[in-house]
Amino acid sequence: MWSQPVWNPYASFDTGTASSHSQAVQGTATNYLRGPANYSKLSSEEQSLVGAARWPDDAPGLNISNKSNTQDNKKYCKSLYKASRIAGGSIASGQINSFNDLWQKATQWRLSRISSGDASKGDFAAERMPNTRFVTSLRRPYHSVIERARNHPDAETELYEGEYFKEIEVKVYRQCGAISGETIPMTTVSAAVDDNAISARLRNLPKDKRQQARQSMASSHPNMITHTGAEYIKTIRDHLESLYLQAIDPSLEKHEAFELIARLHWWAASAAPDKRGSAAKAEFAARSIASAHGIEMPPFRHGIVPDIEAMLRSESQFVADYPNFFERPPI
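Sequential numbering from 1208 applies to the sequence shown in the working numbering.
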């Protein structure tokens, strides 16, 4: 069973001072978004962890995967924090009035963190195309997902159908969403029931086939995330536009806004619409909308990588658990 939240953020928030955004429309509390507070309510250390992929420990006392303490990562995180607060002010003032505009703002920020000589830079601004399969191999740092897939309460036992590992027993979690009554197949996470079965299969292959098998493992392996089909991205983007308009309604109570932010984060992260960088952009969008409402979202706690949490949960479960993902309650 998934752990239940230990506190309820939907009860009340201390939103602090009035908006620092001079262009925010003035009026009663029900007809304008207050925007980010004049001062940050996160410490410098907290700001340096916003957006970090704080992977679970690789073993007790050992964490090679978690790079959140490096100076480069701290600079990246502070940049995300600052840019998302600025975007929050732009939402509050009406300069960002669609989810697409916000996603483009997130994309611009993400591109700013990549050197011009990086050959993969264009992928961070490119949407995935239909009829293409998009996968993530569960190698480090994703290897912690394997055990979670094996133990997932909604995973089914199946036989793998790939060429070199055919009929190896796997656990498969198939995520679905629902839009206007239509079921949308989304992320599929699979993991071999027994890793020894993979090793044994490789050993038993003829020598001339072993290298081919190893080369194929990045795209075809029992331990794999297969992302939402690109043919569903337009439908999901339209749904995100609807959620965005709901989420920036200034008449919302704080708990209502936060629940919509969680839903939007789930859809954007689980859809992974771009070739690269979707996880960071989804978090950027969530934090920007929170800032528009005057809500400060602390870093996600150690062991929580929000896009992975999204892909391993239903929408309703993600929304229910979202409050407990943070180091401390949003303020």
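No residue lacks a Cβ here, since even glycine has one placed at the ideal position from N, Cα and C.
query	result
Look at the alpha carbon of Pro1530 and the alpha carbon of Ile1496, and state the distance between them as a whole number of angstroms.	16 Å
Among Glu1516, Gly1436, Lys1378, which one has its Cα closest to the Cα of Asp1481?	Gly1436
Evaluate Met1393 with the Cβ neighbour count: other Cβ atoms within 10 Å of its Cβ, from every protein chain shown; 16 or more gives buried, anything less gives exposed.	buried
Note the first and the last residue of the continuous alpha helix (DSSP H) segment covering Thr1314.	1306 to 1319
Might you give, ordered along the chain, the residues of its own chain that have their beta carbon closer than 6 Å to the beta carbon of Thr1154, omitting 5 neighbours on each side?	Since the first residue shown for the chain is 1208 and the last is 1538, residue 1154 is missing from the structure and cannot be characterised.
Evaluate contact between the region 1275 to 1295 and the region 1249 to 1265, counting only Cβ atoms and requiring at least three cross-stretch pairs below 8 Å.	yes
Please classify Ser1344: does DSSP put it in a helix, a strand, or coil?	strand
Quick one: what's got a C-beta closer than 7 Å to Gly1510's C-beta in the same chain, skipping five residues either side?	Arg1261, Pro1263
Going by other Cβ atoms of all chains shown within 10 Å of its Cβ, with 16 needed for buried, is Met1336 buried or exposed?	exposed
Can you list, in chain order, the residues of its chain with a C-beta nearer than 6 Å to that of Thr1433? Leave out the 5 residues immediately preceding and following it.	Val1342, Thr1395
By how many angstroms is the C-alpha of Lys1461 removed from the C-alpha of Gly1223?	Residue placement at Gly1223 is flagged as unreliable, the pLDDT there being 34, under the threshold of 50; the coordinate-derived value follows with that caveat. Roughly 13 Å separates the two Cα atoms.
Alpha carbon to alpha carbon, what distance is there between Asn1307 and Lys1315?	Contrary to the premise, residue 1315 reads as Gln rather than Lys in this sequence. C-alpha separation (whole angstroms): 12 Å.
Report the residue from Ser1485, Ser1523, Ser1322, Ile1468 whose alpha carbon sits nearest the alpha carbon of Glu1503.	Ile1468
Throw me the rounded Cβ distance for the Glu1463 and Val1526 pair, which I believe falls under 8 Å.	In fact, because the Cβ distance is near 12 Å, the residues do not count as touching under 8 Å.
Which residues in the same chain as Ala1356 place their Cβ atom closer than 7 Å to its Cβ, once the five residues preceding and following it in sequence are excluded?	Ala1362, Lys1378, Tyr1380, Val1396, Ser1397, Ala1398
Please identify the residue among Arg1340, Tyr1239, Tyr1288 whose C-alpha is closest to the C-alpha of Lys1248.	Tyr1288
From this set, Phe1372, Ile1321, Pro1506, Leu1412, which residue's C-alpha is nearest Ser1275's C-alpha?	Pro1506
Please identify the residue among Glu1334, Asn1273, Ala1385 whose C-alpha is closest to the C-alpha of Arg1483.	Glu1334
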